[in-house]
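Trainee:
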Amino acid sequence: MINGLLWMIGLIVVLVVYFLVPLGRYTLFEHTLRIAATEPAQELGEELETAGREATDQALEQWREREQARAEANGGEDPLRLRIDPDGVLRLGEDVVGLDELRRRLHEAQQSVEHARAILEPADGAPESSVEDVQRVLREERVDVVTAEP
Numbered sequence: 060m061i062n063g064l065l066w067m068i069g070l071i072v073v074l075v076v077y078f079l080v081p082l083g084r085y086t087l088f089e090h091t092l093r094i095a096a097t098e099p100a101q102e103l104g105e106e107l108e109t110a111g112r113e114a115t116d117q118a119l120e121q122w123r124e125r126e127q128a129r130a131e132a133n134g135g136e137d138p139l140r141l142r143i144d145p146d147g148v149l150r151l152g153e154d155v156v157g158l159d160e161l162r163r164r165l166h167e168a169q170q171s172v173e174h175a176r177a178i179l180e181p182a183d184g185a186p187e188s189s190v191e192d193v194q195r196v197l198r199e200e201r202v203d204v205v206t207a208e209p
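Take the sequence shown: its position 53, counted from the start at 1, is 112 in the working numbering, and no numbers get skipped.
1) Which term fits R201, buried or exposed, when burial requires 16 or more other beta carbons within 10 angstroms of its beta carbon?
2) Determine the burial state of R142: buried for a count of at least 16 other Cβ atoms within 10 Å of its Cβ, exposed for fewer.
3) Since Y85 sits in a beta bridge, which residues does DSSP pair it with?
4) For V193, does the count of other Cβ atoms within 10 angstroms reach 16, so buried, or fall short, so exposed?
5) Let me make sure I understand the geometry here. Which of S188, E180, T115 has the alpha-carbon closest to that of L139?
6) Using DSSP with H/G/I as helix, E/B as strand and the rest coil, what is E200?
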């Protein structure tokens, strides 16, 4: 706690110096703004923007090129990611679902794949009864399940 307090005091001192203490005619902040407004700095910013865009495009292209290899390594499909929160709420990815909705989605998934796989992740404090209910539905629907320990 003392370390955090000293860190905050140091940060406040640096910010005060940067924004309020003049070095010559201007503060460090004003010097920064004046330098950033120069033509070479503007050109550098444009070049960095272009390089960033090109790097993003290249990364996306490589990601797409390796999609087949990822699918093969994963057995052809992504597993369902299920999480049971401490209050018993079941999440499928970012969606909150009930057991009936889970069953419906499993039926849809199994129509497009040979078999379904799921990763079940009970959060710390998740009710055991909720975990058992989800496991029962997954067994009934013949889903291969890996249970991640909280």
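Even glycine gets a Cβ: it sits at the ideal position worked out from N, Cα and C.
Mentor: The short version:
1) That one is exposed.
2) By the neighbour-count definition (other C-beta atoms within 10 Å, threshold 16), R142 is a buried residue.
3) Assignment of beta-bridge partners to Y85 by DSSP yields L82.
4) Here V193 is buried, its C-beta having at least 16 other C-beta atoms within 10 Å.
5) Across the set S188, E180, T115, the C-alpha of E180 shows the shortest separation from the C-alpha of L139.
6) In the structure shown, E200 falls within a coil segment according to DSSP collapsed to helix, strand and coil.
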